[in-house]
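Peer 1: Below you will find the structure I want to go over with you.
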Amino acid sequence: MNTTRTAVVTGAARGIGAAVAKRLAADGLSVAVIDLDEEACKPVVEEIEAAGGRALAVGVDVADEPGVQGAVDRIARELGAPTVLVNNAGITRDNLLFKMTADDWDAVMNVHLRGSFLMTRAVQGHMTEAGWGRIVNLSSTSALGNRGQANYSAAKAGIQGLTKTLAIELGRFGVTANAIAPGFIETEMTAETARRIGMTFDEFKAAAAMQIPVARTGRPEDIAHAVSFFAGEGAGFVSGQVLYVAGGPQD
Ligand code: NAP
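Going by the working numbering, the sequence shown opens with residue 164, and the numbers climb by one from there.
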């Protein structure tokens, strides 16, 4: 347990981000719970506090440059200098290429790539100053290519390149950077995909589980467990890696 470190988790009002925030708090870190809507972050903060942890709700769009800087300054002031960053905020705007609008492309690039870049740039000074840091970026199995996701798969492959470069640039300051590439995880994001293709979520999960070697779909806690490993004190020699957490191997 280490009660002195502060973590920042983006897109943490629900889904994978909320599970990651709760897990890192249980690991003993103070956690900034970032999402677009500050009010929406409060139930996660309250849950962490009820369990004896320390957390702060912060509303910001990760693609908003001045907003991100202001949010990180506030976190450093109110919670402590952040030395763990989990870039998790994400959106999908799925469509086949010929129907995909430039706005769908830009929206996905902005949240995943611009957002991860801005957040990392704003936080890295605290990490290099501390001589210690952990960056964990959320990629996806879609980085390997996925029908209807030209924008999302490109962004998630981009996250892998960003991660490897961060590992190379920041390693000498005691900072590691790794990516987690989840397969099918039960969240609002996959529930929305089920709605879009006209299946119930249970049907969609059952169909997905048939293709997954461990014969089930993933849960947010499965990803939180992997984040906890990368963020831990003992993982300082693991950097620039992409860990597929998908219930089976991925190419
Ligand atoms: P989710 O349930 O949709 O949660 C994503 C959260 O991010 C939402 O609370 C959303 O807020 C927030 N967000 C969106 N845009 C933001 C922005 N610009 N600034 C700040 N917050 C923003 O998604 P999830 O399934 O937990 O996914 C989390 C991450 O894992 C994403 O990066 C996703 O691409 C990745 N992932 C998910 C799966 C999966 O199967 N679920 C698989 C592979 C990778 P609003 O609700 O206000 O939009």
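Built from N, CA and C at the ideal position, the CB exists for glycine as well.
State yes or no: is the C-beta of GLY174 nearer than 6 Å to some heavy atom of ligand 1?
Peer 2: Yes, the beta carbon of GLY174 sits closer than 6 Å to at least one heavy atom of ligand 1.
Peer 1: Tell whether a beta-carbon distance below 7 Å holds between GLY178 and PRO412.
Peer 2: No, the Cβ-Cβ distance between GLY178 and PRO412 is not below 7 Å.
Peer 1: In three-state terms, what does DSSP make of ASN165?
Peer 2: With a pLDDT of only 41 at ASN165, under 50, the local geometry of the prediction cannot be trusted, and the value read off the model is given with reservation. Note: ASN165 maps to coil in three-state DSSP.
Peer 1: Taking the beta carbon of ASN165 as the centre, do at least 16 other beta carbons fall within 10 Å, making it buried, or is it exposed?
Peer 2: A caution first: ASN165 carries a pLDDT of 41, below 50, which makes its placement in the model unreliable, though a value can still be read off. So ASN165 ends up on the exposed side.
Peer 1: Check whether the Cβ of LEU281 lies closer than 6 Å to any heavy atom of ligand 1, and answer yes or no.
Peer 2: The answer is no for LEU281.
Peer 1: By the 10 Å Cβ neighbour count, where 16 or more other Cβ atoms means buried, how is LYS262 classified, buried or exposed?
Peer 2: By the neighbour-count rule (16 or more Cβ atoms within 10 Å), LYS262 is not buried but exposed.
Peer 1: What is the C-beta distance between VAL338 and ILE298, in whole angstroms, given that I count them as a contact (C-beta under 8 Å)?
Peer 2: Indeed they touch by this definition, with Cβ atoms about 7 Å apart.
Peer 1: Taking 7 Å as the limit between beta carbons, can you name the residues of its chain near ASP198, skipping five residues before and five after?
Peer 2: If we look at ASP198 and ignore the five residues flanking it on each side, its Cβ neighbours are GLY174, ALA175, ALA176, CYS204, GLY222.
Peer 1: Could you please give me the residues that DSSP links to TYR315 through a beta bridge?
Peer 2: Answer is none; TYR315 lacks a bridge partner.
Peer 1: Taking 6 Å as the cut-off, is the C-beta of VAL225 nearer than that to any heavy atom in ligand 1?
Peer 2: It does: the Cβ of VAL225 is within 6 Å (strictly closer) of some heavy atom of ligand 1.
Peer 1: Using DSSP with H/G/I as helix, E/B as strand and the rest coil, what is SER193?
Peer 2: It is a strand residue.
Peer 1: What does GLY296 pair with, by DSSP beta-bridge criteria?
Peer 2: Answer by DSSP bridge pairing, in chain order: VAL338.
Peer 1: Among residues of its own chain, excluding the 5 on either side of ALA189, which ones have a beta-carbon nearer than 8 Å to its beta-carbon?
Peer 2: Excluding positions up to five away in sequence, the list reads ALA214, GLY216.
Peer 1: Going by DSSP, what residue range makes up the beta strand (DSSP E) through THR363?
Peer 2: Per DSSP, THR363 belongs to no beta strand (DSSP E) and is neither H nor E.
Peer 1: For ligand 1, I want to know if MET133 counts as a neighbour, meaning its beta carbon is within less than 6 Å of at least one of the ligand's heavy atoms.
Peer 2: Residue 133 lies beyond the stretch modelled for the chain, which goes from 164 to 414, so this question has no answer here.
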